[in-house]
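See below for the structure under consideration.
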Amino acid sequence: MPNEMTDEEKRRDQLLAAPNATEEDAAPRIDVTTRDGVTRIDIREDAQVRPGDPEKTPADD
Numbered sequence: 002m003p004n005e006m007t008d009e010e011k012r013r014d015q016l017l018a019a020p021n022a023t024e025e026d027a028a029p030r031i032d033v034t035t036r037d038g039v040t041r042i043d044i045r046e047d048a049q050v051r052p053g054d055p056e057k058t059p060a061d062d
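All letters in the sequence shown, in the order written, are residues 2 to 62 by the working numbering.
Spelled out as structure tokens, the structure:
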């Protein structure tokens, strides 16, 4: 089907469907790389939402 959306287009469409959503909400948050059969998932440095303790600031580490 030529009009079928890619996974990235589906992700962006879903994230922007919420009320008051902005382009920033749809920004990539991870980088996925595969090398020698090993997949690595890294949280992007510029991600607005990051995993971790919400009570700690990065300076607390």
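A virtual CB, placed ideally from N, CA and C, is assigned to each residue, including glycine.
Check, Outcome
"Residue range of the beta strand (DSSP E) that includes aspartate 43", "39-44"
"Whole-angstrom C-beta distance between arginine 45 and aspartate 32, which should lie under 8 Å", "6 Å"
"Backbone secondary structure at arginine 12 - three-state DSSP", "helix"
"Alpha-carbon to alpha-carbon, proline 29 and asparagine 4", "23 Å"
"N-terminal and C-terminal residue of the beta strand (DSSP E) that arginine 36 is part of", "31-36"
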